[in-house]
Every structure is written in structure tokens, then in C-alpha cells.
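Below: the structure, in C-alpha cells.
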Amino acid sequence: MPYKLQNAAQTTQKIAALEKELAELKTKQKAAEPEEEQSTGMLGGFGGRLMIGGPGGMNGGGMMGQPTGVHDRPGYPFPRTSWRPVAISGPFRPRDINRPRIANLAEKAGLAQRALEHYDDINDIKRVVVHTPLFNSDWLINYFGKLTVEQSFECMREMLKSNMRQNSAIVVQIATKYSDLLGPVKLIEMFEQFKSAECLYYYLGSIVNLSEDPEVHFMVA
Numbered sequence: 000m001p002y003k004l005q006n007a008a009q010t011t012q013k014i015a016a017l018e019k020e021l022a023e024l025k026t027k028q029k030a031a032e033p034e035e036e037q038s039t040g041m042l043g044g045f046g047g048r049l050m051i052g053g054p055g056g057m058n059g060g061g062m063m064g065q066p067t068g069v070h071d072r073p074g075y076p077f078p079r080t081s082w083r084p085v086a087i088s089g090p091f092r093p094r095d096i097n098r099p100r101i102a103n104l105a106e107k108a109g110l111a112q113r114a115l116e117h118y119d120d121i122n123d124i125k126r127v128v129v130h131t132p133l134f135n136s137d138w139l140i141n142y143f144g145k146l147t148v149e150q151s152f153e154c155m156r157e158m159l160k161s162n163m164r165q166n167s168a169i170v171v172q173i174a175t176k177y178s179d180l181l182g183p184v185k186l187i188e189m190f191e192q193f194k195s196a197e198c199l200y201y202y203l204g205s206i207v208n209l210s211e212d213p214e215v216h217f218m219v220a
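Quick note on numbering: the sequence shown equals residues 0 to 220 in numbering that gives the first Met the number 0.
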């Protein structure tokens, strides 16, 4: 097997192993939650904190702060300690420490779709999303449904800036599908900013019969 193909196959296997590990972590986390809630429920009246040592604590007093004198008895193994709060840590939450690593490996291997599934930072997303030939078009269009309005515009601008000839068609499809959410006026401004008469023509032609925005009908007229 050629080196490049072998290297890509090894990277894919490594990504699959990391994704499996991540899924197992999430499964363990979900399974542990009911037990955690039950174990911490008794501390609810103490606001999630346990006071030990000194008056009213385990070593120096009763529940109402009255001295018990236990620590003063001969042979008592624990010395009197100062009163101090000890925080009870919250439920164990394993962090998704593998997500950036998985995304980075996928990007280096040319698996753009896999990378976007794990990237959260907008700069990473913009860097990957411009390589539209690496994506299934329907998947990429649907992916924009997970982004905020601001993130969507940032990505579309980056796609047009990076390679307008290559990316204009899919940008028009994204703009058409999410026209109501993104706003026709802002989309028209974006296409005008890049002086893309072709994008503007196809976008307006796709929405004119469905839109009631006067700006759209003014542009078409």
C-alpha cells in the first residue's frame, strides 16, 4: 500500500478509536448521574458544603454547635482542629478532551466533514468549511442549520473570499434555504459586497416567489 494511503488509513483508524473512547466517556457520565444525585442529596440542606473540625463539627461539637468533649478524653486519637469548610465537589463530569484532537487529525487527513463534526471554534470551522469539494453538499447545507446567524455569515463570507468560483453555488443554496432566518436584506448586502451579480441573480430568483420582503421585489423589478 502506498505510504500516503497507509498513513490516511492509520489516521482514520485512530480517529475512530478516539470517537469510540469519547462515546464511552459520555455513556459512563450519563449512567453515573442518577447515582451522583442520590449520593449528594443528603447534603442539600448544607448547601453542598460539609463543615468539619471545631465547634459544631465532627471533631469538636454536636449538630447544634454544643461541645461534646470527645476530643478532650484521654487517649482520643485526633487532636482538636480549627473549624474550616471543606467543599464537596460536584458530580464527576469527564471533559470532552478528545474532540479537538479528533477534529485536528481528521482535518490533516482531509476528512473535512469529520473535522466539522468535532470543531466548535469559529476560526477552525471557517478554515475547514471553505474546502467545499471535500463535503457532501446536502450535509454541508444542513450543517449551517447548527450555526448561529453570525457564524453563518462569517462562514459564507470566508467561502466567497477564499474561492468565489468554487464556492458560490453552495453559498447560494445555503442562503436560499435559510433566507428567512438570515434575512434577505443582509444576504443581498453580502452578495453586493463581493460584487457577485451571479450569486445575487440566482439567490433572488430562488426566493422571489416565496418572499414578501419589499427589498427582494424591488431588486427583482
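We treat Cβ as the ideally placed atom computed from N, Cα and C, and that holds for glycine. On a predicted model such as this, the values are computed, not experimentally measured, just so you know.
Spatial neighbours of residue i within its chain, please: CB distance less than 8 angstroms, with the 5 preceding and 5 following residues excluded, ordered by chain position.
i	result
Leu-17	Asn-97, Arg-100, Ile-101, Leu-104
Tyr-177	Phe-143, Gly-144, Ser-151
Met-158	Val-128, Val-129, Thr-131, Asn-166, Ile-169, Val-170
Gly-140	A small correction: the amino acid at residue 140 is Ile; Gly does not occupy that position in the sequence shown. Cβ within range, chain order: Ile-169, Gln-172, Ile-173, Lys-176.
Asn-229	The first residue shown for the chain is 0 and the last is 220, placing residue 229 beyond what the model contains.
Phe-45	Only weak support exists for where Phe-45 lies, its pLDDT of 40 falling under 50; the value from the coordinates is given anyway. Answer for Phe-45: no residue qualifies.
Over the uninterrupted alpha helix (DSSP H) stretch that includes residue i, give me the two end residues.
i	result
Asn-141	136-142
Tyr-201	196-206
Asn-162	No alpha helix (DSSP H) holds Asn-162; DSSP gives it neither H nor E.
Leu-180	178-181
Using the beta-carbon count (16 or more within 10 Å), is residue i buried or exposed?
i	result
Leu-180	exposed
Gly-204	exposed
Ala-232	Any property of residue 232 remains undetermined from this structure, which presents the chain solely from 0 to 220.
Ala-114	buried
Glu-106	buried
For residue i, which residues from the same chain have a beta carbon less than 6 angstroms from its beta carbon, with the 5 sequence-adjacent residues on both sides left out?
i	result
Tyr-118	Ala-102, Ile-124
Ile-187	none
Thr-10	Leu-104, Ala-108
Met-155	Val-170
My output table needs one value for residue i: the three-state DSSP class, helix, strand or coil.
i	result
Asn-97	coil
Phe-193	coil
Asp-120	coil
Leu-104	helix
Thr-131	helix
Leu-115	helix
Gln-147	Here the sequence assigns Thr to residue 147, which means Gln is not the residue at that position. Looking at Thr-147 - three-state DSSP - the assignment turns out to be coil, as it is neither helix nor strand.
Leu-21	helix
Leu-110	coil
So, for residue i: in the same chain, excluding its five sequence neighbours on each side, which residues have a beta-carbon less than 7 angstroms away from its beta-carbon?
i	result
Phe-190	Cys-198, Leu-199, Tyr-202
Lys-13	Leu-104
Glu-153	Ile-121, Lys-125
If you measure from the beta carbon of residue i to each beta carbon in chain C, is any gap under 8 angstroms?
i	result
Val-127	Absence of chain C from the displayed structure is noted, only one protein chain being present.
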